Every structure is written in structure tokens, then in C-alpha cells.
């Protein structure tokens with residue numbers, strides 16, 4: 048198999064952090080997204096949406112969408128379980144993965160893509176008003192998360208999961224989006240520092 | 048258990064269609080979203096995000112996010128499998144569920160929420176320019192889907208899945224969003240008519 052990777056972009060990183068947590072090594076081809084490599088033939092012929100990451104299996108089957116790629120590896124290598132354990136555990140991981148994706152990662156991405164000058168060619172048209180509208184959504188959701196983290200260690204319960212990985216890439220993406228976690232959210236900061244200190248975060 | 052349902056809104060409907068496909072009956076409480084019932088205490092005390100659907104289990108555990116609720120029922124009642132079969136099958140369903148969610152359902156929702164006058168209190172601030180920017184995204188993705196459906200019957204392969212349910216609610220949501228499937232997308236229209244004709248679509 049071959050994983051077409053996109054460097055610093057958050058979705059490719061989500062898969063690399065996941066693989067590092069699992070201890071799985073996968074052959075990788077680095078695509079230079081800064082040079083728009085994801086729009087070139089090597090990616091476009093495999094993913095008509097021209098996005099990364101892309102996993103190509105040995106029989107030519109293509110998997111895209113970072114979470115779908117992670118779920119495939121979860122099925123092949125169930126331990127450590129990063130999508131939860133048992134019916135309810137897996138549902139709770141799904142819930143928190145989606146809550147964090149839609150209420151933190153996406154608003155951060157919209158703020159970055161619709162405001163940052165470097166994104167002019169990437170997000171057409173940029174709608175700065177929409178970017179700005181997303182910044183308070185980020186803060187509102189961090190307030191909710193801060194209450195949640197007052198009573199547990201990880202996003203979906205007592206075990207680290209894919210929901211924490213989505214949280215990690217979202218908070219790290221706040222830097223280029225120029226949004227800061229308010230110091231008053233002490234529980235969020237404790238959680239973030241603990242997951243950012245895991246070896247996988249360097250992936 | 049109790050499912051707090053939101054009537055015509057697409058996410059509550061996604062769960063009802065799923066349950067109908069599974070043949071599962073769940074006690075339901077109808078919440079009048081038109082009267083902002085999802086902002087009232089019965090929902091807000093269970094879901095701080097004040098959205099529907101919400102599933103409350105007998106022990107008081109709360110599950111939100113339509114896909115998380117569906118996944119919970121998939122675990123309890125595996126047949127018919129609506130999240131795919133086998134490692135690769137499940138990954139492909141995840142891929143298509145996400146592709147359709149992010150590239151069809153979400154752009155349709157943004158077009159509706161940011162343009163429709165009835166959504167002024169729901170989406171604050173409305174950014175009409177962002178709503179308009181999403182309309183061509185919908186058409187572009189339908190063009191991609193039309194090619195896909197030239198060689199297979201359902202979104203994620205030869206079996207009906209949650210990805211088709213997300214597609215159904217997305218296409219039906221195009222009506223209030225005032226976006227029409229172009230007649231030239233004959234494969235999309237054939238697929239849509241076949242899933243809209245299933246008894247579950249009336250849920």
C-alpha cells in the first residue's frame with residue numbers, strides 16, 4: 048500500500064498521528080501541498096476531489112477521507128482501540144469525534160481559509176465575513192469542552208481516542224488561524240498539553 | 048430509551064430513515080423545532096449544543112450526533128449492515144458517508160441557512176455571500192457523483208448504506224435550499240429516485 052501524505056496540513060497529520068499511536072508503519076509519498084501538489088495528476092487521478100491524504104491499496108483500491116483511512120487501520124490493527132470499545136463506547140467516540148470535528152476543527156479551518164491571505168488561491172471565493180463568524184463558534188465550543196474536561200481526562204471518556212486526535216489537530220490549526228485558547232479554559236489547556244506531549248503528536 | 052426527534056429537519060430524519068431500514072422501533076418524543084423547541088430545557092439539559100436528535104438511554108447516558116446514534120443501533124442490530132461489511136467495506140462506507148456529508152449535505156445546508164429568510168434567527172450572522180458560494184460546490188459534487196453512479200447502484204458499492212441515507216436527506220434538503228439537480232445528471236437522478244422510493248424514505 049501507499050499513503051499519499053500532505054505534510055503540515057491537518058487531515059494528513061490526523062492519519063500520521065493515528066498511525067503513530069497504533070505503531071503502524073506505512074510507505075508514504077510526500078506531496079508538496081504548498082506547491083499545489085494535491086491538484087496535480089498523481090493525486091487527482093486517485094482522488095477526484097484533489098485532497099489529501101489518499102491511501103492506495105495493493106489492488107489499486109483508493110481510500111480517501113482521513114477518518115475512513117484511520118478506521119481501515121483500526122479494523123486491521125484493533126489494538127490499542129482508538130475508535131472505542133463496545134457498542135456504547137464506539138458510539139461515544141463517534142459522537143465526540145463529530146462534535147469536535149464540526150464545532151472546533153471546521154470553524155478553525157473556515158477562519159483560516161477565509162481570512163488568511165495565503166489561502167486566496169485555495170478557497171475561492173474567500174468570504175472574510177464567514178471566516179470572522181467562525182471565530183466565536185470556536186470559543187463557544189472550547190467553553191463547552193472546558194466543562195467536559197473538568198470531569199474526565201480524554202474527549203470521549205477515560206481512554207485516548209480518535210476524538211482526541213481530531214482535537215489535537217484542531218487546536219494546533221488555531222495557530223495559523225490566529226485564534227488563541229483563552230487562559231481561563233484551564234481544563235482544555237491541561238487536556239491539550241497532555242495530548243500534545245504524547246510522542247504521536249510529533250508525527 | 049427515548050429518542051428526541053426533530054420532525055422535518057434533516058439530521059433527525061437521517062436517524063428515522065436508518066431505524067426504518069433496520070426495522071427498529073424506538074420510543075420518540077417530538078420536539079417542535081419550528082417553535083425553537085430544541086433551544087428549550089428538555090433538549091438543552093441533555094445536549095448543550097441544543098441540537099437534535101438526542102438519544103437518552105435508560106441509564107441516563109446521552110448520545111447525540113445522528114451518525115453516532117445510527118452507529119449505536121448498528122452495533123446492537125447488525126443486520127442489515129448499513130455501515131458496510133469487513134474492514135475495507137466499512138472504510139468505503141465511511142469514505143462515501145463523509146464525502147457526501149462534506150461535499151453535498153453541508154454545502155446544501157449552508158446555502159439554506161445563510162440565504163433563506165426563515166433562517167435569520169437560526170444562523171447568526173447569516174452570510175448570504177457564503178450561502179451563494181456553496182451552490183456551485185453542490186453542483187460540482189453532483190457531477191462527480193454522476194460519474195460514480197454510472198458504474199454502481201449505491202453510494203458506497205453494491206449495497207445500500209448510511210452513505211445513501213445521507214445522500215437522500217441532502218438531495219431532499221436541496222428543495223428548501225432552492226437548488227435543483229440538473230437533468231443532465233441522469234445517474235444521480237436514477238439513484239435518487241430509487242432510494243426515495245424505498246419505504247424508509249417516508250420516515
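Chains as they are written, first to last, in our numbering: chain G, 48 to 250; chain B, 48 to 250. By construction, the Cβ of each residue, glycine as well, lies at the ideal position given by its N, Cα and C atoms. These numbers were taken from a predicted model, which means no experiment stands behind them.
According to DSSP, is residue i helix, strand or coil?
i                      : result
residue 131 of chain G : coil
residue 101 of chain G : strand
residue 106 of chain B : coil
residue 80 of chain G  : helix
residue 51 of chain G  : strand
residue 204 of chain B : strand
residue 142 of chain B : helix
Report the option in the options whose CA atom is closest to the CA atom of residue i.
i                      : options                    : result
residue 71 of chain B  : B:95, B:78, B:58, B:116    : B:116
residue 186 of chain B : B:247, B:88, B:158         : B:158
residue 217 of chain G : G:165, G:154, G:240, G:167 : G:154
residue 165 of chain G : G:130, G:82, G:148, G:249  : G:82
residue 80 of chain B  : B:100, B:73, B:68, B:95    : B:100
residue 226 of chain B : B:247, B:174, B:160, B:120 : B:160
residue 254 of chain G : B:202, B:96, B:191         : Nothing about residue 254 of chain G can be reported from this structure: the residues present for chain G run from 48 to 250 only.
residue 247 of chain G : G:207, G:105, G:221        : G:207
residue 230 of chain B : B:61, B:182, B:124, B:189  : B:189
residue 31 of chain G  : G:146, G:148, G:180, G:147 : Lying before the first or after the last residue shown, residue 31 of chain G is absent from chain G, which here runs from 48 to 250.
residue 210 of chain G : G:65, G:224, G:234         : G:65
residue 50 of chain G  : G:102, G:178, G:56         : G:102
residue 140 of chain G : G:114, G:156, G:124        : G:114
residue 204 of chain B : B:128, B:224, B:167        : B:128
residue 235 of chain G : G:108, G:196, G:219        : G:196
residue 105 of chain G : G:237, G:130, G:73         : G:73
residue 57 of chain B  : B:222, B:88, B:178, B:233  : B:222
residue 63 of chain B  : B:228, B:233, B:232, B:215 : B:215
residue 152 of chain B : B:130, B:233, B:178, B:85  : B:178
residue 146 of chain G : G:109, G:168, G:191, G:124 : G:191
residue 109 of chain G : B:249, B:241, B:142, B:109 : B:142
residue 233 of chain G : G:88, G:130, G:198         : G:198
residue 86 of chain G  : G:130, G:124, G:168        : G:168
Just to confirm before moving on: does the CB-CB distance between residue i and residue j stay below 9 Å?
i                      : j                      : result
residue 200 of chain G : residue 138 of chain B : no
residue 144 of chain B : residue 76 of chain B  : no
residue 176 of chain B : residue 172 of chain G : yes
residue 245 of chain B : residue 126 of chain B : no
residue 184 of chain B : residue 150 of chain B : yes
residue 135 of chain G : residue 239 of chain B : no
residue 78 of chain B  : residue 107 of chain B : no
residue 132 of chain B : residue 111 of chain B : no
residue 219 of chain G : residue 98 of chain G  : no
residue 174 of chain B : residue 90 of chain G  : no
residue 156 of chain G : residue 202 of chain G : no
Name the residues in the stretch 209-226 of chain G whose C-beta lies less than 9 Å from a C-beta of chain B; which are they? none
Interfacial residues, the stretch 155-178 of chain B to chain G, with Cβ spacing under 7 Å: 172, 174, 176, 177
Mind listing, in chain order, the continuous alpha helix (DSSP H) runs of no fewer than 4 residues lying wholly within the stretch 145-200 of chain G? 153-162, 175-195
Check distances from the C-beta atoms of the stretch 82-109 of chain G to those of chain B and list, in chain order, the residues that come in under 8 Å. 95, 96, 104, 108
Members of the stretch 177-197 of chain G near chain B, C-beta cut-off 7 Å: 177, 180, 191
Members of the stretch 126-140 of chain B that neighbour chain G once the beta carbon cut-off is set at 9 Å: Residues passing the 9 Å Cβ filter: 133, 134, 135, 137, 138, 139, 140.
Using a Cβ-Cβ cut-off of less than 8 Å, list which residues of the stretch 109-125 of chain B approach chain G; keep chain order. 110, 111, 112, 114, 115, 116, 118, 119, 122, 123
What residues in the stretch 140-154 of chain G have a beta carbon less than 8 Å from any beta carbon of chain B? 141, 142, 145, 146, 150
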